[in-house]
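S.K.: Take any residue in the sequence shown, note its place counting from 1, add 7, and you have its number in the numbering used here.
Note that beta-carbon positions come from the ideal geometry of N, C-alpha and C, so glycine has one too.
Would you mind keeping the following structure in view while I ask a few things?
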Amino acid sequence: MPHALRIGGFVPFTSIDYPEQLSAVVFCQGCPWRCSYCHNQHLLTSRTTGLLDWHGILKKLHQRQGLLDAVVFSGGEPTLQKSLHHAMEQVRVMGFKVGLHTAGCYPERLKSLLPLVDWVGLDIKDLPENYPSLTGSSSSGGQAWQSLDILLSADVPFQVRTTVHPGMTEEQVEQLRTDLSRRGVTDHSLQVCRY
Ligand code: SF4
Numbered sequence: 008m009p010h011a012l013r014i015g016g017f018v019p020f021t022s023i024d025y026p027e028q029l030s031a032v033v034f035c036q037g038c039p040w041r042c043s044y045c046h047n048q049h050l051l052t053s054r055t056t057g058l059l060d061w062h063g064i065l066k067k068l069h070q071r072q073g074l075l076d077a078v079v080f081s082g083g084e085p086t087l088q089k090s091l092h093h094a095m096e097q098v099r100v101m102g103f104k105v106g107l108h109t110a111g112c113y114p115e116r117l118k119s120l121l122p123l124v125d126w127v128g129l130d131i132k133d134l135p136e137n138y139p140s141l142t143g144s145s146s147s148g149g150q151a152w153q154s155l156d157i158l159l160s161a162d163v164p165f166q167v168r169t170t171v172h173p174g175m176t177e178e179q180v181e182q183l184r185t186d187l188s189r190r191g192v193t194d195h196s197l198q199v200c201r202y
């Protein structure tokens with residue numbers, strides 16, 4: 008039996024986290040990167056107190072069967088936790104669609120999860136070479152863009168999202184949009200950085 012998912016937050020009802028679906032959002036604890044503009048700092052460490060009980064959340068989801076369309080796993084970085092696979096299976100059995108918000112930190116794990124996922128929101132922060140100064144991880148650009156390539160060759164709908172961070176010039180944004188478009192991305196959303 009896998010360890011229960013470590014949860015740092017739960018939103019029982021939202022209409023904005025999965026396109027055109029009413030969903031609940033599970034905020035998974037932990038992220039391997041440390042982006043300077045991260046607005047979920049409290050979710051970054053894997054070791055923390057105040058975690059929510061996954062089994063309690065399953066009970067709440069059970070009560071919402073027929074009222075919600077989907078459960079979205081967000082974070083932090085959900086694919087950090089190996090127990091995500093089992094958690095997705097559990098909510099699928101309950102009849103919910105599965106959404107995933109990821110920064111693409113673990114391309115191979117993302118690939119193995121895709122059969123369980125109905126929609127992905129992929130965070131592409133910048134061109135690969137600009138990642139290390141943003142995330143503090145030298146391999147992060149390659150990992151995120153490899154995840155993008157996996158999604159481009161898979162059969163799961165996805166949206167690429169970019170937070171325009173303060174160090175990003177208009178030219179960089181344009182270059183990123185051009186590169187994504189050349190690669191075949193058709194759904195790219197820009198959002199303003201919030202602190
Ligand atoms: S990848 Fe996302 S959750 Fe992780 S530090 Fe960066 S912005 Fe925060």
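Quickly, what does DSSP pair H66 with across the bridge? List them, please.
M.R.: What sits at residue 66 in the sequence shown is Lys, not His. Answer is none; K66 lacks a bridge partner.
S.K.: Pull up the CB-CB distance for L141 and T169, whole angstroms please, since I reckon it's below 8 Å.
M.R.: Rounded, the Cβ-Cβ distance is 11 Å, inconsistent with contact.
S.K.: Give every residue of the same chain whose Cβ lies closer than 8 Å to the Cβ of E96, excluding the five residues on either side of it in the sequence, and list them in chain order.
M.R.: Excluding residues within five positions, the ones whose Cβ falls inside 8 Å are L123.
S.K.: Are D133 and Q179 touching if we call contact CB-CB under 9 Å?
M.R.: Their beta carbons are under 9 Å apart, which means D133 touches Q179 by this criterion.
S.K.: Can you check which of these residues, L117, E177 and Y138, is closest to L158 by C-alpha distance?
M.R.: That would be L117, whose Cα lies nearest to the Cα of L158.
S.K.: Inspect the CB distances between the stretch 35-45 and the stretch 66-75 and report whether three or more fall short of 8 Å.
M.R.: The answer is no - the stretch 66-75 does not touch the stretch 35-45, with fewer than three Cβ pairs under 8 Å.
S.K.: Can you tell me where the beta strand (DSSP E) with T170 in it begins and where it stops?
M.R.: Unbroken beta strand (DSSP E) run through T170: F165 to V171.
S.K.: On the three-pair Cβ rule with 8 Å, is the stretch 19-37 touching the stretch 68-80?
M.R.: As far as the Cβ criterion goes, the stretch 19-37 touches the stretch 68-80, which means the pair count is three or higher.
S.K.: In the DSSP assignment, find the unbroken beta strand (DSSP E) run with T185 in it and report its ends.
M.R.: Taken as a continuous stretch (DSSP letters only), T185 belongs to no beta strand (DSSP E), being part of the alpha helix (DSSP H) at E177 to R190.
S.K.: Among residues of its own chain, excluding the 5 on either side of Q153, which ones have a beta-carbon nearer than 6 Å to its beta-carbon?
M.R.: So the qualifying residues of the chain are P114.
S.K.: For ligand 1, is there any heavy atom lying closer than 8 Å to the beta carbon of N137?
M.R.: It does not: the Cβ of N137 is nowhere closer than 8 Å to a heavy atom of ligand 1.
S.K.: Cβ of D130 within 8 Å of any heavy atom in ligand 1?
M.R.: Yes, since a heavy atom of ligand 1 falls inside the 8 Å radius drawn around the Cβ of D130.
S.K.: Please tell me whether, using a cut-off of 8 Å, the distance from the CB of L51 to the nearest non-hydrogen atom of ligand 1 is below it.
M.R.: Yes, ligand 1 has a heavy atom inside 8 Å of this Cβ.
S.K.: My understanding is that R184 touches H195, with C-beta atoms under 8 Å, so please give their C-beta distance in whole angstroms.
M.R.: Between H195 and R184 the Cβ distance is about 6 Å, and since that is below 8 Å, they are a contact.
S.K.: Is it right to say E84 is buried, meaning 16 or more other beta carbons lie within 10 angstroms of its own, or is it exposed?
M.R.: It is buried - the Cβ of E84 has at least 16 other Cβ atoms within 10 Å.
S.K.: List the residues that DSSP assigns as beta-bridge partners of V78.
M.R.: Note: V78 sits in a beta bridge opposite A31 and V105.
S.K.: Kindly indicate which three-state DSSP category V199 falls into: helix, strand or coil?
M.R.: V199 falls in the strand class under three-state DSSP.
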